[in-house]
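The numbering of the first sequence is our numbering, which starts it at 1 and goes up by one.
This report refers to the structure that appears directly beneath it.
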Amino acid sequence: MTTVTVQIPADWPATEERARAVQEELRARVVRDEPGPPPGTGRVTGVDVAYDDGRDVVAAAAVVLDAATLAVVAEATAVGRISFPYVPGLLAFREIPTVLAALDALPVPRGLVVCDGYGLAHPRRFGLASHLGVLTGLPTIGVAKNPFTFTYDDPDASRGSTTPLLAGAEEVGRAVRTRDGVKPVFVSVGHRTSLDNACAHTLALASAYRLPETTRRADALCRAALRDATAYSARPSTLQRPTSRYAES
DNA sequence: GCGACAG
DNA sequence: ATCTTGTCGC
């Protein structure tokens, strides 16, 4: 598996104002009139990021799955310094440099990229998934765990039920029930994909668990990469008192 | 002005 | 995101 080190781009926005201006400029490049790749065929790639704010370290992972079998085809990770503080609406500026590096390190084509967060469901209609799509040219979707600032009616309890995710009267995404009786996930279009297709992909990728297998795999991998990246700093609990469950008594 | 707010 | 033990339930 490939692991790379990332540098924050010299021209990366340093203020919230600049970051918002970048979003306003790039949003026009989102392609919305393509359906995207059909679910269940080809490859699907999941990306996710983990942080250690205290040490200023960020790790990203990209995991390519066979869309039909969900078997892992390829993996890559990237490690770097945190490029932006967490500000609701500006998440992309915190995640993108490292995610791009991990995606670039993959030895195989990516297919549809599934992001942990939003695409068009965003204050300026340009969330992480759309931003990543415009920068890479790849079809992308966003699958988030929370409704952010949007409203929705609870979908029926059965897996496959959906309701509109609304910004006022505008449908910016959908609440999708991936498992019976379990809290829905929130799906939106990133780039070069239709909302129907984005929801179909999400359901195809999430049947055993609430979240898509792509994000589950990427989440586990970026956490492991973060552990490795910070393994040399002092961590008494793991380095000095390894395993014994009987150490106290 | 105050509260809410993807990860 | 991350901090963190046990606990209720299939």
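Glycine residues also receive a C-beta, built at the ideal position from the N, C-alpha and C atoms.
Residue j beta carbon less than 8 Å from that of residue i
i, j, result
"Asp180", "Ala204", "no"
"Leu120", "Ala76", "no"
"Gly117", "Thr98", "no"
"Asp213", "Arg124", "Residue 213 is actually Glu in this sequence, not Asp. Not closer than 8 Å, so no."
"Val57", "Val49", "no"
"Pro35", "Asn197", "yes"
"Val87", "Glu17", "no"
"Thr149", "Leu166", "no"
"Leu221", "Ala61", "yes"
"Ala19", "Leu100", "no"
Residue i burial status per 10 Å Cβ neighbour count (16 or more: buried)
i, result
"Tyr246", "Its pLDDT being 34, under 50, Tyr246 is placed unreliably in this model, and the value from its coordinates should be taken loosely. Tyr246 should be labelled exposed."
"Asp219", "buried"
"Gln7", "exposed"
"Val307", "The structure shown does not extend to residue 307, since the chain is modelled only from 1 to 249, so the question has no answer here."
"Ser83", "buried"
"Pro37", "buried"
"Asn146", "exposed"
"Arg177", "buried"
"Gly137", "exposed"
"Gly170", "The residue asked about is misnamed: residue 170 is Glu in this sequence, not Gly. So Glu170 counts as exposed."
"Thr41", "exposed"
"Val189", "buried"
"Thr5", "exposed"
"Gly168", "exposed"
"Arg217", "buried"
"Val72", "exposed"
N-terminal and C-terminal residue of the beta strand (DSSP E) that residue i is part of
i, result
"Ala14", "Element bounds for Ala14: n/a, residue is neither H nor E."
"Phe186", "Val185 to His191"
"Thr5", "Thr2 to Thr5"
N-terminal and C-terminal residue of the alpha helix (DSSP H) that residue i is part of
i, result
"Asp153", "Unbroken run through Asp153: none, as it is neither H nor E."
"Pro97", "Ala92 to Asp104"
Rounded Cβ spacing between residue i and residue j (contact assumed at less than 8 Å)
i, j, result
"Leu193", "Pro139", "Residue 193 is actually Thr in this sequence, not Leu. About 5 Å; that satisfies the 8 Å criterion."
* **At least three beta-carbon pairs within less than 8 Å, the stretch 159-171 to the stretch 129-136** => Here the stretch 159-171 makes no contact with the stretch 129-136; the two share fewer than three CB pairs at distances below 8 Å.
* Counting pairs of Cβ atoms below 8 Å between the stretch 41-61 and the stretch 108-115, do you hit three or more? -> In short, these stretches touch, since the Cβ pair count reaches three.
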